[in-house]
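Each residue of the sequence shown is one higher than the one before, counting from 2 in our numbering. Glycine included, C-beta positions come from ideal geometry on N, C-alpha and C. Source: prediction; values computed, not measured.
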Amino acid sequence: MMCLTIRIKRNDELEGKRVYKLIIDFLMQNHVAGATVWTGVDGFGKRKRSTLKLEGVTINMPMVIEIIDEKSKLEPLLVQIKRIVDDNGIVTLYEVEAI
């Protein structure tokens, strides 16, 4: 099995839609086994710190989307996923052992 991990920020958008929602919709349309969206507390990357706090409320948290499926299912989707993520985040793919 392979694990596809996508790291973005919650407020990232493409054509007026949230990137994480576009990715989840895309994965569902392509019958991927499943995905989980995790919200982070804090983080930083090439676009600086991932959090913005206003009066104690975190606005733009880091997000991680984790997908586990067969390599043959995920590899054909990588070009489109990278287009959706663009320079807003990072996409990694690595082998995992599902038990």
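Extent of the continuous alpha helix (DSSP H) run through residue i
i: Arg11; result: Note, Arg11: premise wrong, no alpha helix (DSSP H); not H, not E.
i: Ile82; result: 79-86
i: Lys74; result: 72-75
Pair within 8 Å by beta-carbon distance, residue i and residue j
i: Ile69; j: Ala34; result: yes
i: Ile7; j: Val86; result: yes
i: Met3; j: Leu75; result: yes
i: Gly41; j: Pro77; result: no
Unbroken beta strand (DSSP E) run spanning residue i, endpoints
i: Asp26; result: Asp26 -> not in any beta strand (DSSP E); alpha helix (DSSP H) instead, spanning 20-30.
i: Ile91; result: 91-96
i: Ala36; result: 36-40
Burial state of residue i, where buried means 16 or more other Cβ atoms lie within 10 Å
i: Val20; result: buried
i: Arg11; result: buried
i: Gly17; result: exposed
i: Met29; result: exposed
i: Asp43; result: exposed
i: Ile100; result: exposed
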